[in-house]
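For reference, the structure is listed below as structure tokens.
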Amino acid sequence: MKKRSADKLLPPSWEQLGSWVALVETGSVSAAAHRLEISQAGVSQHVRQLEESLGASLLDRSTRPAHPTASGQRLYEQAHDLLSRAGQMAETVRALSRSKRSLLRLGCVDSFAAVIGPQMVRGLAGRVQRLRLISGINPGLAEQFDNHQLDVLITTDDPKPVPGRECLALFSEQFLLAVPLELQVPPLASLHQLSRQRPFMHYSTRSKMGSLVDAYLSRHDPEIERVFEFDATDPLLSLVREDLGIALTTPLCLWQSRYHAMRLKCVPLSVLRHKGQAYPPLKRTFYLVYRPDELGPLAQDIAAMVRVAVRDLQRQWVAELKLPADLLSVDEDSRP
Numbered sequence: 001m002k003k004r005s006a007d008k009l010l011p012p013s014w015e016q017l018g019s020w021v022a023l024v025e026t027g028s029v030s031a032a033a034h035r036l037e038i039s040q041a042g043v044s045q046h047v048r049q050l051e052e053s054l055g056a057s058l059l060d061r062s063t064r065p066a067h068p069t070a071s072g073q074r075l076y077e078q079a080h081d082l083l084s085r086a087g088q089m090a091e092t093v094r095a096l097s098r099s100k101r102s103l104l105r106l107g108c109v110d111s112f113a114a115v116i117g118p119q120m121v122r123g124l125a126g127r128v129q130r131l132r133l134i135s136g137i138n139p140g141l142a143e144q145f146d147n148h149q150l151d152v153l154i155t156t157d158d159p160k161p162v163p164g165r166e167c168l169a170l171f172s173e174q175f176l177l178a179v180p181l182e183l184q185v186p187p188l189a190s191l192h193q194l195s196r197q198r199p200f201m202h203y204s205t206r207s208k209m210g211s212l213v214d215a216y217l218s219r220h221d222p223e224i225e226r227v228f229e230f231d232a233t234d235p236l237l238s239l240v241r242e243d244l245g246i247a248l249t250t251p252l253c254l255w256q257s258r259y260h261a262m263r264l265k266c267v268p269l270s271v272l273r274h275k276g277q278a279y280p281p282l283k284r285t286f287y288l289v290y291r292p293d294e295l296g297p298l299a300q301d302i303a304a305m306v307r308v309a310v311r312d313l314q315r316q317w318v319a320e321l322k323l324p325a326d327l328l329s330v331d332e333d334s335r336p
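Residue numbers in the sequence shown follow my numbering, run continuously in steps of one, and reach 336 at the last position.
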């Protein structure tokens, strides 16, 4: 048989090697085809391709049935070992992905922990042996992630490209105005006009939530007084509930403090007017930040859990708090 030059040699394909192993072990082309669930012509073609690429006769066709030559027997032994190890490799990887992680340290902002946290705990119960859920303000959580004190960071900070990290956009929610039930919102009112009726309750600018609201008011209503400032949603909305102020907040925060929210009035920014124009939307986006080499496929699983939980909660927000559904949007497997 004519040998091919060394620079044209190509390694055999998995299909070719599989056909050769099946042929030697079953003793016939028809039996090998039946095992592999392909045609007899397919098995014969694979054998011819092997002989051409290796430049050696693999079958002694002078006998009936044909038997492997010395070269064919050597190929069988090495191909059998190679296919066996490849199968073990695949199973090892699958087993690793199915096995429980010993510890997962997940950091997220308070509103996410309070609202999505329970669904996350249930969803990860079969995937990790220990789950450490840490909540707080974005800057502190980001520092812990940078110092490898967290394995996963769910944040509303704008992602910045960093080598060795990946970021997935999860969902976005638009801000709205929470006012006391008793407060009448005049048609075409502005935030500044409403702040004259009730003082504006601010989130602390130490948080991303607070800095977003502060920047928004600085652009559109800089004359609004900054008097009351809070780190947490509960005390802020409790004061609004008691007719002591108004506040910009989000559906997630309202659901977190729904004991207070059920006795509030929620006004979309789009119905208010600033200099005769509707206020532009203000929103925050939640991102999942992780290190692929450390977290592997679990990152996509966590993202899927979050998206399912958010859709479920969205239906409850619409039904119980009477919020417009379009205040929230889920990002489907997207990267910023």
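Ideal placement from N, C-alpha and C gives every residue a C-beta, glycine not left out. The model shown is predicted, which means the values in this text are computed figures rather than measured ones.
- Message: For R165 and V289, I'd like the C-alpha separation in whole angstroms.
- Response: In the sequence shown, residue 165 corresponds to position 165, counting from 1. In the sequence shown, residue 289 corresponds to position 289, counting from 1. Looking at the two C-alpha atoms, the distance is approximately 7 Å.
- Message: If I follow the unbroken alpha helix (DSSP H) through P235, where does it start and stop?
- Response: Here the question's residue 235 lines up with position 235 in the sequence shown. Where P235 is concerned, the enclosing alpha helix (DSSP H) stretches over T233 to R241.
- Could you tell me if Y401 is buried or exposed, where buried requires 16 or more neighbouring beta carbons within 10 angstroms of its beta carbon? Outside the shown range of the chain, which is 1 to 336, sits residue 401, and nothing can be said about it.
- Query: Do you know offhand how far H220's Cα is from V271's?
  - Reply: Walking along the sequence shown from the start, residue 220 turns up at place 220. Walking along the sequence shown from the start, residue 271 turns up at place 271. Each residue's Cα considered, the two are about 15 Å apart.
- Item | Cβ neighbour criterion (16 or more within 10 Å) applied to T156 | In the sequence shown, residue 156 corresponds to position 156, counting from 1. Label assigned to T156: buried.
- alpha helix (DSSP H) runs contained entirely in the region 242-322, provided each spans 4 or more residues: 251-256, 258-261, 292-295 and 298-321
- Task: Let me know the secondary structure DSSP gives A6 once reduced to three states.
- Result: By 1-based counting over the sequence shown, the position of residue 6 is 6. Residue placement at A6 is poorly supported in this model, since its pLDDT is 44, which falls under 50; the coordinates still yield a value, given next. In this structure, A6 counts as helix in the three-state DSSP scheme.
- Query: Just how far apart, CA to CA, sit A95 and Q149?
  - Reply: Locating residue 95 in the sequence shown gives position 95, where the first residue counts as 1. Locating residue 149 in the sequence shown gives position 149, where the first residue counts as 1. Confidence is the limiting factor: at A95 the pLDDT is only 48, short of 50, which leaves the residue's position unreliable, though a coordinate-based value still follows. The straight-line gap from Cα to Cα measures roughly 26 Å.
- Thinking L327 and R263 are a contact (beta carbons under 8 Å), I'd like their distance in whole angstroms, please. Taking the sequence shown and counting its residues from 1, the one referred to as residue 327 is at position 327. Taking the sequence shown and counting its residues from 1, the one referred to as residue 263 is at position 263. Taking 8 Å as the upper bound for CB-CB distance, L327 and R263 are not in contact here, some 19 Å apart.
- Whole-number beta carbon distance between A169 and D301, since they are thought to touch under 8 Å: As a first step, residue 301 must be located in the sequence shown, where it is residue number 301. As a first step, residue 169 must be located in the sequence shown, where it is residue number 169. Between A169 and D301 the Cβ distance is about 16 Å, and since that is not below 8 Å, they are no contact.
- Taking C-beta to C-beta, are I134 and R105 nearer than 8 Å? Residue mapping note: residue 134 aligns to position 134 of the sequence shown, counting from 1. Residue mapping note: residue 105 aligns to position 105 of the sequence shown, counting from 1. Closer than 8 Å, so yes.
- Which residue's Cα is closest to the Cα of R206: Y216, I154 and P139? Numbered from its first residue, the sequence shown carries residue 206 at position 206. Comparing Cα positions, the closest option is P139.
- Message: Measuring only the C-alpha atoms, how far is G276 from L188?
- Response: As a position in the sequence shown, residue 276 is number 276, starting the count at 1. As a position in the sequence shown, residue 188 is number 188, starting the count at 1. Distance between the alpha carbons of G276 and L188 is about 8 Å.
- Do you know how far the Cα of L131 is from the Cα of F286? Against the sequence shown, residue 286 aligns to sequence position 286. Against the sequence shown, residue 131 aligns to sequence position 131. Answer to the nearest angstrom: the Cα atoms are 20 Å apart.
- Query: Quick one: does E223 have its CB under 8 Å from some CB of chain D?
  - Reply: The structure shown contains no chain D, having only a single protein chain.
- Return yes when the Cβ of A79 is within less than 8 Å of the Cβ of W20, no when it is not. Sequence index remark: in the sequence shown, residue 20 carries index 20 (1-based). Sequence index remark: in the sequence shown, residue 79 carries index 79 (1-based). Cβ distance < 8 Å, so W20 and A79 count as in contact.
- Distance, Cα to Cα, S102 vs P297? Counting from one through the sequence shown, the residue named residue 102 turns up at place 102. Counting from one through the sequence shown, the residue named residue 297 turns up at place 297. So the two alpha carbons sit approximately 15 Å from each other.
- Item | From V29, C253 and L82, residue whose alpha carbon lies closest to that of R64 | Taking the sequence shown and counting its residues from 1, one reaches residue 64 at position 64. Residue V29 is the option with its Cα nearest to R64.
- Message: Any contact between the region 198-216 and the region 316-325? By contact I mean 3 or more CB pairs, one from each, below 8 Å.
- Response: Because the criterion of three Cβ pairs below 8 Å is not met, the region 198-216 and the region 316-325 do not touch.
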